[in-house]
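The structure appears right after this line, and notes come after that.
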Amino acid sequence: MRHALITAGTKGLGKRVTEQLLKDGYSVTVTHRDDNDKLDAVKNEWGRHLERIQFIRGDVTCKEDLIRISEETVKAWGRIDALVMNAGPYIFERKKLIDYSEEEWNKMLDGNLNSAFYLLKQVIPIMRKQKSGRIIAYAFQGADHSPGWLYRSAFAAAKVGLVSLTKTIAIEEAENGITANVICPGKIVGEMKEASITQSRQYGHEETPIGRSGTGEDIGRTISFLCDENSDMITGAVLEVTGGMDVLNRFR
């Protein structure tokens with residue numbers, strides 16, 4: 001049985017990704033930070049799959065937690081076939097770089113870039129031994145071209161760095177059967193993070209050219225495709241799942 005490690009896999013986009021990979025036959029390790037109330041509801045919802053799910057509490061901004069998460073995953077399952085770096089801190093307040101605190105800056109880099117370094121250092125040796133593996137990171141529209149993003153300087157800087165890191169890993173680890181790709185979600189907010197495509201079509205969405213909001217299912221289906229054993233020709237790619245929306249310039 002293939003095993004996936006998904007950070008922040010109990011809610012939002014991560015929840016739909018977890019459900020998709022369970023549907024694909026994976027066993028999964030999902031991390032959560034402090035969502036005990038949500039966790040109980042998820043365990044009840046996923047009851048018939050619980051023998052294939054491991055829950056680990058941890059903070060992706062903490063190096064020690066990331067190392068422990070990786071070690072506990074391998075101890076329990078013996079392998080990691082897919083790493084989905086779903087977790088990533090985000091500051092919703094719109095403000096310029098000069099108004100960011102040092103703490104906020106470090107949180108963005110630790111949670112969105114440094115966390116990938118520590119996880120990859122743990123997971124890649126395991127995938128090398130298996131001679132196979134799938135690595136998925138998240139970024140934002142246009143991140144592979146290093147665009148500026150008004151009021152999102154810290155998050156954008158971290159994610160652009162993550163794109164470059166992922167592309168480099170794709171080259172370095174191709175000989176080991178490991179692929180590494182980046183997904184860039186569009187505007188997926190609120191209930192739509194855990195919604196289905198069918199649900200989004202019922203409501204419509206004027207801002208998105210295709211006429212509906214993006215959903216967690218859109219991201220889950222994309223990750224499912226990239227994790228397929230026959231998708232090994234796709235590596236170092238940056239896939240935008242935006243429905244044609246210009247995410248960066250919505251507020252200009």
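So that you can map any letter, position 37 of the sequence shown is 37 in my numbering, and since no number is skipped, the others follow by simple counting.
The beta-carbon is built from N, C-alpha and C at its ideal position, and this holds for glycine as well.
In angstroms, rounded to a whole number, what distance separates the CA positions of residue 59 and residue 93? Whole-angstrom Cα-Cα distance: 22 angstroms.
Taking just the CA atoms, how far does residue 21 sit from residue 53? For residue 53 and residue 21, the distance between alpha carbons rounds to 11 angstroms.
If you drop the 5 nearest sequence neighbours on each side, which residues of the same chain put their C-beta closer than 7 angstroms to that of residue 16? So the list reads 194, 216, 217, 219, 220, once near-sequence residues are dropped.
Please confirm if the segment 98-105 is in contact with the segment 117-132, defined as three or more CB-CB distances below 8 angstroms between the two stretches. Flag = no, the segment 98-105 and the segment 117-132 do not touch.
Secondary structure, alpha helix (DSSP H): runs of 4+ residues fully inside the segment 162-206: Correct list: 197-203.
Residue 159 and residue 139: beta carbons closer than 8 angstroms? Cβ atoms of residue 159 and residue 139: closer than 8 angstroms.
Considering only C-alpha positions, which residue in the set 64, 247, 240, 232 is nearest to residue 82? Of 64, 247, 240, 232, the residue nearest in Cα terms is 232.
Spatial neighbours of residue 245 within its chain, please: CB distance less than 7 angstroms, with the 5 preceding and 5 following residues excluded, ordered by chain position. Answer for residue 245: 186, 187, 207, 208, 209, listed in chain order.
To which residues of the same chain is residue 170 closer than 6 angstroms at the C-beta, ignoring the five residues directly before and after it? Only 180, 235, 236 meet the Cβ criterion.
In terms of residues, what are the limits of the alpha helix (DSSP H) holding residue 74? Looking at the DSSP string, the run of the alpha helix (DSSP H) that includes residue 74 is 63-77.
Secondary structure at residue 2, three-state DSSP: helix, strand or coil? When secondary structure is reduced to three states using DSSP, residue 2 falls in the coil class, being assigned neither helix nor strand.
To the nearest angstrom, report how far apart residue 134 and residue 226 are at their CA atoms. For residue 134 and residue 226, the distance between alpha carbons rounds to 8 angstroms.
What are the boundary residues of the alpha helix (DSSP H) that includes residue 56? Taken as a continuous stretch (DSSP letters only), residue 56 belongs to no alpha helix (DSSP H), being part of the beta strand (DSSP E) at 53-57.
Kindly indicate which three-state DSSP category residue 8 falls into: helix, strand or coil? Coil.
Taking buried to mean at least 16 other C-beta atoms within 10 Å of its own C-beta, is residue 112 buried or exposed? Buried, by the Cβ-count rule.
Which class does residue 91 belong to by DSSP, given the choice of helix, strand or coil? In this structure, residue 91 counts as coil in the three-state DSSP scheme.
Pull the bridge partners of residue 134 from the DSSP assignment, please. Paired residue(s): 82, 179.
Helix, strand or coil for residue 31 per DSSP? Secondary structure at residue 31: strand, using DSSP grouped into helix, strand and coil.
Does the beta-carbon of residue 11 have 16 or more other beta-carbons within 10 angstroms, so that it is buried, or is it exposed? With 16 or more other Cβ atoms inside 10 Å of its own Cβ, residue 11 counts as buried.
For residue 153, count neighbouring Cβ atoms within 10 angstroms of its own Cβ and tell me buried if that reaches 16, exposed if not. Counting the other Cβ atoms within 10 Å of the Cβ of residue 153 gives 16 or more, which makes it buried.
Looking only at C-alpha atoms, which of 143, 183, 229 sits nearest to residue 157? Nearest to residue 157 by C-alpha distance, out of 143, 183, 229, is 143.
Measure the Cβ-Cβ separation of residue 86 and residue 148 and say whether it is below 8 angstroms. In this structure, residue 148 does not lie closer than 8 angstroms to residue 86 by Cβ.
In whole angstroms, what is the alpha-carbon distance linking residue 110 and residue 70? Rounded to whole angstroms, the separation of the alpha carbons of residue 70 and residue 110 is 17 angstroms.
Return the bridge partner residues of residue 42 from the DSSP annotation. In DSSP, residue 42 forms no bridge with anything.
Apart from the five residues just before and just after residue 105, which ones in its own chain have a Cβ nearer than 6 angstroms to its Cβ? For residue 105, where only same-chain residues beyond five positions count, the Cβ hits under 6 angstroms are 154.
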